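Participant: Below you will find the structure I want to go over with you.
Residue numbers (our numbering): 3 to 108.
Here it is, written out as structure tokens:
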């Protein structure tokens, strides 16, 4: 079953966020490269870098989305970041939310 409307946009954003540079053939700069930030110290600078990386990849590769708000919280006890996104889908003029955990595995 193909995804449509809000679900299609959320899946696209999730794929953009979780894709690293050089991961897709013929598109070496597509993605946000967040895995590099997972091994940095959990401080304000890292949270700002994650936020800016997510905003940049969405602004560059997802034209269906506008008014992106990214909130990153670190959960140092569990070695992960909680990322919450709020955005407006332009075509259907709807607000949507998206949440994901970025977890360091090693």
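We put the beta carbon where it would ideally sit given N, CA and C, even for glycine. Quick caveat: nothing in here was measured; it's all calculated off a predicted structure.
Enumerate in chain order the residues of its own chain whose CB-to-CB distance from residue 64 is below 8 Å, with the five nearest sequence positions on each side excluded.
Facilitator: Here the set comprises 11, 14, 15, 18.
Participant: What is the rounded straight-line gap between the Cα of residue 35 and the Cα of residue 83?
Facilitator: Taking the straight line joining both Cα atoms gives about 14 Å.
Participant: Excluding five sequence neighbours on each side, which residues of the same chain lie with their C-beta closer than 8 Å to the C-beta of residue 57?
Facilitator: Cβ neighbours of residue 57 beyond the five flanking positions: 70, 72.
Participant: Count the other CB atoms, across all protein chains shown, that sit within 10 Å of the CB of residue 107; report buried if there are 16 or more and exposed otherwise.
Facilitator: Classification of residue 107: exposed, given that the 10 Å Cβ count is below 16.
Participant: From residue 26 to residue 37, what distance separates their C-alpha atoms?
Facilitator: Each residue's Cα considered, the two are about 15 Å apart.
Participant: Determine, using beta carbons only, whether residue 89 and residue 67 come nearer to each other than 8 Å.
Facilitator: Yes, they are a contact pair.
Participant: Less than 8 Å between the beta carbons of residue 74 and residue 85, yes or no?
Facilitator: Result yes, Cβ atoms of residue 74 and residue 85 sit closer than 8 Å.
Participant: Looking only at its chain, what residues have a beta carbon closer than 7 Å to the beta carbon of residue 53, apart from the 5 residues adjacent to it on each side?
Facilitator: These residues qualify, in order along the chain: 72, 74.
Participant: Just verifying my parser: in three-state terms, what is the DSSP assignment at residue 49?
Facilitator: Helix.
Participant: Less than 8 Å separating the beta-carbons of residue 40 and residue 104?
Facilitator: For residue 40 and residue 104, yes; Cβs fall inside 8 Å.
Participant: Just mark residue 96 as buried or exposed, buried being the case when its beta carbon has 16 or more other beta carbons within 10 Å.
Facilitator: Exposed, because fewer than 16 other Cβ atoms sit within 10 Å of the Cβ of residue 96.
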